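Below: one structure, written as structure tokens.
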Amino acid sequence: MIPVFFTLALLAAVPERAPAAAPSGTVYSSHLMVDQEVLVSSRITGIIESISADRGTKVVKGQPLATLDQREAESEVRQAKEDMQLKRAEFERARTLSGMNLASAADLDTARARYAVATAALDKAKTLRDYTVIRAPFTGVVTDKLARLGQKVVDVQNQPLFKVTALEPLLARIYVPDKDLAGLKRGDPVEVAPENAPKVRATGRVEYISPTVDAGSGSVEVIVRVAHNPAPATLRPGVAVQVHLPGPRRP
């Protein structure tokens, strides 16, 4: 089956105490899902020294989840920094001597190259030190924690340590018969309501309509996009929902 996607963006949410009337049109059942959910692992080999997040912890992009033992990484940074400072002094000395015609251009080029290599080595050491902190790849919530204090992680094994799930955007996949797409166009409003709380409504709009139809079923795959905020708290990943598409326009 050739996947065909529609994207709908949430514009507003109607509070439960003031439900909106159901629109005339067709209703499709679905479940909310998320656009981003990843298993987080370590980029380098090391021993987990501390854990900063647990299941249910809300995180922002870049927030530390766990930290590996940093002693070796710190030592590498200090060593690389000292070597860089030495190579910089040698380069400065060669440049001074070259200006006095006491050193050849080749000597100056060699000193400059060694300084550049030492600087790159320091940058690499700092990067590896940064990798000792395992961070959230995006804003969301920790939905699983596999990391353990004292655990040895090996970079090439790609061991999962955390699962992070984005809370937005929320998505719902529905399959719409081609005949029900008549008159539907980009910008048309739609409505999403959780099946266990039908009075809670969130409105959205059609952002994309694919020109292709699945030949086997005669339907298209439609993706409804629902922003988590300001959507009601009942709209979250896994919730069964009803998606209301508007009825066909009268001429």
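Counting in our numbering, the sequence shown runs from 278 upward without gaps. Every residue, glycine too, gets a C-beta built ideally from N, C-alpha and C. A quick note: this is a predicted structure, and the numbers were derived from the prediction, not measured.
Per DSSP, the bridge partner or partners of residue i
i, result
"K456", "The partner list for K456 (beta bridge, DSSP) is empty, contrary to what the question assumes."
"R372", "R372 pairs with nothing; no bridge assigned."
"M377", "Answer is none; M377 lacks a bridge partner."
"M310", "L448"
"D491", "Its beta-bridge partners do not exist; DSSP assigns none."
"Q519", "S306 and A470"
"V315", "V441"
Sub-8 Å separation of residue i and residue j beta-carbons
i, j, result
"D455", "G427", "no"
"A481", "R502", "A small fix is needed here, since residue 481 is Gly in this sequence, not Ala. Cβ atoms of G481 and R502: closer than 8 Å."
"D312", "A424", "no"
"V520", "V477", "no"
"Q436", "S329", "no"
"P471", "V518", "yes"
"K440", "D421", "yes"
"R450", "I500", "yes"
"E367", "R406", "no"
"A383", "L374", "no"
"A354", "A395", "As written in the sequence, residue 354 is Val, which differs from the Ala given in the question. Not a contact, by the Cβ cut-off of 8 Å."
"A398", "D360", "yes"
"V490", "V497", "yes"
Extent of the continuous beta strand (DSSP E) to which residue i belongs
i, result
"K401", "From DSSP, K401 is part of no beta strand (DSSP E) but of the alpha helix (DSSP H) over A382 to D407."
"F439", "F439 to T442"
"V467", "P466 to P471"
"G339", "No beta strand (DSSP E) contains G339, which DSSP labels as neither H nor E."
"S496", "S496 to V503"
"V419", "G417 to K422"
"T322", "T322 -> no beta strand (DSSP E), and no H or E assigned at all."
"T480", "R478 to V483"
"T433", "Reading off the sequence, residue 433 comes out as Val, not Thr. Looking at the DSSP string, V433 is not in any beta strand (DSSP E), and its letter there is neither H nor E."
"R412", "V410 to R412"
Residues of its chain near residue i, where Cβ-Cβ distance is below 6 Å and the 5 sequence neighbours each way are ignored
i, result
"E314", "T442"
"Y305", "I451 and V520"
"D346", "G323, I324 and E326"
Supposed close pair residue i, residue j - CB separation, criterion 8 Å
i, j, result
"D432", "R320", "6 Å"
"E369", "T344", "Not really, about 37 Å apart at Cβ, beyond 8 Å."
"L309", "R513", "7 Å"
"R412", "Q340", "6 Å"
"A350", "T303", "Actually they do not touch by this definition, with Cβ atoms about 58 Å apart."
"K338", "F415", "5 Å"
Close beta carbons around residue i, own chain, < 7 Å, minus the five adjacent residues each side
i, result
"K364", "R391, Y392 and A395"
"K429", "I324"
"P300", "Because P300 sits at a pLDDT of 41, beneath the cut-off of 50, its placement in the model cannot be relied upon, and the point is left open."
"R372", "L385"
Close Cβ partners of residue i (< 8 Å) along its chain, the five nearest in sequence each way excluded
i, result
"T334", "V418 and V419"
"L458", "I486 and V497"
"A388", "K364, E367, F368, R370, A371 and R372"
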